Amino acid sequence: AQTVTQSQPEMSVQEAETVTLSCTYDTSESNYYLFWYKQPPSRQMILVIRQEAYKQQNATENRFSVNFQKAAKSFSLKISDSQLGDTAMYFCAFMKLGNNDMRFGAGTRLTVKP
Amino acid sequence: KAGVTQTPRYLIKTRGQQVTLSCSPISGHRSVSWYQQTPGQGLQFLFEYFSETQRNKGNFPGRFSGRQFSNSRSEMNVSTLELGDSALYLCASSLEPGAGANVLTFGAGSRLTVL
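Each protein sequence line maps, in turn, to chains W and C.
According to this note's numbering, the stretch in the first sequence is residues 66 to 179, in order.
According to this note's numbering, the stretch in the second sequence is residues 41 to 155, in order.
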């Protein structure tokens, strides 16, 4: 079974600074996808970034980038130039090929302080 | 393009009652998945539908059921409600199931409170 672990329940960062959220996962699958989703207080889950396991290059999306270490089964999210609107719960998620059974971590509550 | 629409947004039920939640996927999306979100258990997969067929089901009792219509809209039903069923129920749609590049797009959820 696949499990996703986020070891940081809460984090805070000053506006304009950089913060890194950690995520590790456990799987025996070789082909899978990893995601970071954001859930602001409005509770709508929003995709931040995704990574295909077969790609060695780390995904980037504007201020968001990941450090994907497949051998270590680690998938951290770096947010650069943090903005107040980045305040939200961040969920790391795993999905193997073939279905939409997405496994989520417990989440990290990020607060961006002015 | 309209997003994933879930109705109702909030509802309150009492133990023993049943509830039906609705999800309209993004136009053109044919796969619909349901998730339960609680403070204690986090986000858990309920089931997934594609072409009116349940493709996958999570580890939930038979009181939880769902269906998908020919227009891809989906409903989930919870019978004989228990206090522990209080949760945010999230629906997500994608073009097809399992193709990870087809990202899951979530709705705003239906907040169920069981008294």
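Note that the Cβ used here is the ideal one computed from N, Cα and C, for glycine as well.
For clarity, every value in this text was computed on a predicted model and none was experimentally measured.
Please tell me whether residue i and residue j are closer than 8 Å, where the distance is taken between their beta carbons.
i	j	result
W:Ser139	W:Thr68	no
C:Gly124	C:Asn117	no
W:Gln104	W:Phe156	yes
C:Ala127	C:Gln76	yes
C:Gln81	C:Glu92	no
C:Phe85	W:Asp166	yes
W:Phe263	W:Ile114	With chain W running from 66 to 179 in the structure shown, residue 263 of chain W is simply not present.
W:Leu142	W:Val131	yes
W:Ser77	W:Ser87	no
C:Asn96	C:Glu88	yes
C:Glu122	C:Arg70	no
C:Ser112	C:Val72	yes
Could you tell me whether the Cβ of residue i comes closer than 8 Å to any Cβ of chain C?
i	result
W:Gln121	no
W:Leu112	yes
W:Asp166	yes
W:Arg174	no
W:Phe169	yes
W:Arg109	First, the amino acid is wrong: residue 109 of chain W is Gln here, not Arg. Chain C contact via Cβ: present.
Could you confirm whether any beta carbon from chain W is found closer than 8 Å to the beta carbon of residue i?
i	result
C:Asn117	no
C:Phe146	yes
C:Val143	yes
C:Gly82	yes
C:Pro15	Since the displayed chain C opens at 41 and closes at 155, residue 15 of chain C lies outside it and no answer follows.
C:Arg95	yes
C:Met85	It is worth fixing the name first, because residue 85 of chain C is Phe in this sequence and not Met. True, the Cβ-Cβ gap to chain W drops below 8 Å.
C:Gly149	yes
C:Leu130	yes
C:Glu88	yes
C:Ser110	no
C:Ser114	no
C:Pro137	yes
C:Gly106	no
C:Ser134	yes
C:Gly124	no
What are the residues of the stretch 114-140 of chain W that lie near chain C, defined by any Cβ-Cβ distance shorter than 8 Å? Answer set for the stretch 114-140 of chain W: Arg115, Glu117.
Using 8 Å as the Cβ pair cut-off and three pairs as the minimum, do the stretch 96-108 of chain W and the stretch 41-52 of chain C touch? Fewer than three beta-carbon pairs drawn from the stretch 96-108 of chain W and the stretch 41-52 of chain C are found closer than 8 Å, and the two stretches are therefore not classed as touching.
Contacting positions in the stretch 56-75 of chain C - beta carbon closer than 9 Å to chain W: Closer than 9 Å at the C-beta level to chain W, one finds these residues of the stretch 56-75 of chain C: Ser71, Val72, Ser73, Tyr75.
Any contact between the stretch 46-55 of chain C and the stretch 146-153 of chain C? By contact I mean 3 or more CB pairs, one from each, below 8 Å. Two segments are said to touch when three or more pairs of C-beta atoms, one from each, lie closer than 8 Å; by this definition the stretch 46-55 of chain C touches the stretch 146-153 of chain C.
Would you be able to state if there are at least three C-beta pairs under 8 Å between the stretch 165-178 of chain W and the stretch 50-66 of chain C? Touching, no, given that fewer than three Cβ pairs across the two stretches are closer than 8 Å.
At 3 residues or longer, what runs of the beta strand (DSSP E) sit wholly inside the stretch 76-106 of chain W? Counting only runs of 3 or more, we get 84-86, 89-91, 97-104.
Can you give me, in chain order, the residues of the stretch 141-156 of chain W that have a beta carbon less than 9 Å from any beta carbon in chain C? Taking 9 Å as the Cβ-Cβ cut-off against chain C, the residues of the stretch 141-156 of chain W that qualify are Phe156.
Kindly provide the ranges of any alpha helix (DSSP H) runs that are 4 or more residues long and lie completely inside the stretch 49-129 of chain C, ordered along the chain. Correct list: empty.
Unbroken beta strand (DSSP E) runs of length 3 or more, entirely within the stretch 109-158 of chain W: which are they? Within the stretch 109-158 of chain W, the complete beta strand (DSSP E) runs of at least 3 residues are 111-117, 129-134, 139-144.
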